[in-house]
Each structure stands twice: as C-alpha cells, then as structure tokens.
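Numbering (UniProt numbering), first residue to last: 1 to 320.
Glycine residues also receive a C-beta, built at the ideal position from the N, C-alpha and C atoms.
As the structure is a computational prediction, the values presented were derived from the model and not from experiment.
Have a look at this one:
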C-alpha cells in the first residue's frame with residue numbers, strides 16, 4: 001500500500017478478510033457469490049479493501065521462496081508471523097482479526113509456491129519432475145527415510161524417478177486428508193478444501209487416509225478422498241491436467257463451471273451471472289490470458305463480460 005492510500009476501517013478490513021475465507025471455502029455456492037457481490041456494491045470502501053487484498057496477494061506471491069530466511073534465523077514460525085503481520089497492516093486489518101490463519105499469505109513460506117495465474121515445473125533431487133498449478137504451495141522433504149512432498153494448497157502433478165539410494169526410498173505426497181504413496185508412477189493431486197482429487201496417469205498409487213481407509217488406484221483411474229473415505233475409482237480424465245501445458249479443456253461444460261475454473265488463474269473476483277450459468281460450451285482456452293479466454297467465450301455464447309474494476313469481472317446476459 002502506498003503512503004497516499006488511507007487506512008481502511010477495522011470493520012471493513014475484517015469483513016474483507018471474512019469474505020476471502022467464505023469464497024475460498026464455498027467458491028461454487030451461488031448464494032455466497034450473490035451475497036458477496038451485494039456486499040462489494042454496498043460501500044466504496046468494500047471495493048477498495050477487496051482490491052488491496054487482491055493486489056497484495058499478487059505482489060507477495062511473486063516474492064522468491066525463502067525470502068527473509070537469513071534475517072529471521074531460519075525460524076519458519078517467526079517468518080510466517082512477520083509476513084502475516086506485514087500483510088494485515090498493509091490493508092489495515094487488525095492484528096487480532098478473525099480467520100487470519102486461512103488468508104492467502106498462509107502459503108507464502110512453502111518451499112515452492114506459485115502466484116495466481118502462475119505455473120511452475122521443478123526438477124526434483126532424484127531426477128523426478130514436479131509441476132505446480134496456479135496458487136499452489138508445497139514443501140519438498142528428501143532424507144534417508146523417504147522422499148516426501150507436502151501439498152499445502154492447490155494442485156500438483158508429479159512424475160517420479162527411480163531412486164538412486166539403496167535401499168530405494170518410498171515416495172509420498174502428503175495432504176491434510178491423507179497420504180498418497182507412489183508405486184512407480186505419474187499422477188496428479190488437487191486439494192479442494194478437505195477433499196483431495198487424485199488422477200493416476202501411469203503406474204499405481206496407494207491412498208491412506210488420516211482416518212485409516214486404504215485403497216490402491218491404477219493407471220487410467222481417478223478417485224476422491226477425505227480424512228475418512230475413499231471413493232470407488234472411476235475412469236480418469238487426462239485432459240484435467242491440461243494446465244501443465246497452459247490449456248483448459250472444456251467439453252460440454254456448463255458456463256459457471258468454466259468460469260469457476262478460469263477464476264483460479266485470475267487475481268480478484270470473477271463470477272458468472274445465474275441467468276447464463278447453465279449455458280454449455282466446448283472449447284480449449286489458454287490459461288496465460290484469462291481475459292482473452294473470456295473474450296473467446298463471449299464470441300461463442302450470447303454473453304457479455306463486464307469489468308467493474310481490474311480485479312472484478314462478471315459474465316452476464318447481453319442486456320444486463
């Protein structure tokens with residue numbers, strides 16, 4: 001925030017923080033979307049708070065991983081608190097504000113992270129390859145006992161490599177809901193709140209939930225699990241990892257589903273009017289330019305893109 005920007009009221013800053021949390025937890029709920037847009041329109045300070053939060057998320061997410069480690073003696077907890085405090089002050093949020101544990105800066109201190117709209121490919125120490133999708137965060141831990149990725153937020157795809165150590169160390173992806181063990185494989189994992197989506201492209205993986213459920217998933221299959229249950233595997237959709245090539249494949253999708261997916265790659269607020277939500281579209285959209293993707297949609301369907309600000313866009317009817 002520049003010196004010219006006045007601080008926001010404590011009430012407005014706290015409300016903006018709460019809305020960020022609600023939208024993260026219930027991003028596909030139309031009633032939550034509608035209530036948020038009413039709140040955003042009610043007071044110019046609401047829009048100002050939202051813009052500052054979106055801009056701050058974009059700026060801080062672009063910082064190199066590990067920044068500040070030397071000056072803070074490598075204490076992860078201290079670094080996390082310092083960055084949270086700095087971020088809250090930047091938008092005028094009281095330090096005791098409700099819900100700060102889940103705000104966007106909670107992932108900035110991961111070993112690897114991506115900003116909104118960014119994707120990254122990483123070569124692991126054993127020669128394996130890791131792809132991180134937009135707004136994702138993961139820790140990488142290799143030691144004598146095993147090779148472990150901890151997915152903190154977002155989505156990853158990993159292609160494992162044969163371990164040079166003997167005996168060979170196991171390869172795990174840990175999530176808040178359970179552990180995925182690779183059995184010589186290529187697979188993708190996506191976090192959706194407490195739910196984890198898994199797609200196996202090659203080989204096999206074993207899933208063990210925090211609650212004790214276990215299942216092996218074969219190549220070509222996908223499943224979903226939480227802390228207690230693992231769904232029966234179904235045929236996997238390989239186009240769902242098109243993001244590794246910068247593409248979104250939509251095959252006869254509802255428009256609101258397309259918009260929800262594109263919103264992951266654009267800072268701020270992108271929504272779909274319920275009046276056009278059920279329209280269907282088949283398209284291949286580039287994720288590097290979401291506004292261009294929206295223009296493609298508008299050229300294909302009877303919809304119009306309306307921009308309230310740089311950080312607030314809505315797809316609606318032509319007349320609205």
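Taking only three categories from DSSP, how would you classify residue i?
| i | result |
| --- | --- |
| residue 289 | coil |
| residue 32 | helix |
| residue 12 | helix |
| residue 267 | coil |
| residue 22 | helix |
| residue 296 | helix |
| residue 256 | helix |
| residue 48 | helix |
| residue 326 | The structure shown does not extend to residue 326, since the chain spans only 1 to 320, so no value can be given for it. |
| residue 302 | coil |
| residue 37 | helix |
| residue 151 | strand |
| residue 235 | strand |
| residue 307 | strand |
| residue 229 | coil |
What is the residue span of the alpha helix (DSSP H) that residue i lies within?
| i | result |
| --- | --- |
| residue 315 | Counting along the chain, residue 315 falls outside any alpha helix (DSSP H), though it belongs to the beta strand (DSSP E) covering 312–317. |
Taking residue i as part of the beta strand (DSSP E), name the residues at either end of that continuous run.
| i | result |
| --- | --- |
| residue 208 | 195–209 |
| residue 180 | 178–192 |
| residue 141 | 137–142 |
| residue 175 | 171–175 |
| residue 214 | 214–218 |
| residue 243 | First-last for residue 243: undefined, no H or E at that position. |
| residue 145 | Segment: none, residue 145 is in no beta strand (DSSP E) and carries neither H nor E. |
| residue 122 | 120–123 |
| residue 159 | 155–159 |
| residue 223 | 221–225 |
| residue 166 | First-last for residue 166: undefined, no H or E at that position. |
| residue 130 | 129–132 |
With which residues is residue i paired in a DSSP beta bridge?
| i | result |
| --- | --- |
| residue 54 | DSSP, once it has assigned bridges, lists no residue as partnering residue 54. |
| residue 284 | 249 |
| residue 113 | 137 |
Decide yes or no for the touch test of the stretch 302–316 against the stretch 38–54: beta carbon pairs closer than 8 angstroms, at least 3 of them.
-> yes
Stretch pair the stretch 125–135 + the stretch 147–166: three plus CB contacts closer than 8 angstroms | Yes, the stretch 125–135 touches the stretch 147–166.
Is the stretch 289–308 touching the stretch 258–271, taking contact as three or more C-beta pairs under 8 angstroms?
-> Look at the beta carbons and you see the stretch 289–308 touching the stretch 258–271: at least three pairs across the two are nearer than 8 angstroms.
Counting pairs of Cβ atoms below 8 angstroms between the stretch 197–210 and the stretch 220–240, do you hit three or more?
-> yes
If we count Cβ pairs, one from each stretch, closer than 8 angstroms, do we get three or more for the stretch 150–159 versus the stretch 170–183?
-> Two segments are said to touch when three or more pairs of C-beta atoms, one from each, lie closer than 8 angstroms; by this definition the stretch 150–159 touches the stretch 170–183.
Would the stretch 230–237 and the stretch 265–275 be scored as touching if the rule is three or more Cβ pairs under 8 angstroms?
-> No, the stretch 230–237 is not in contact with the stretch 265–275.
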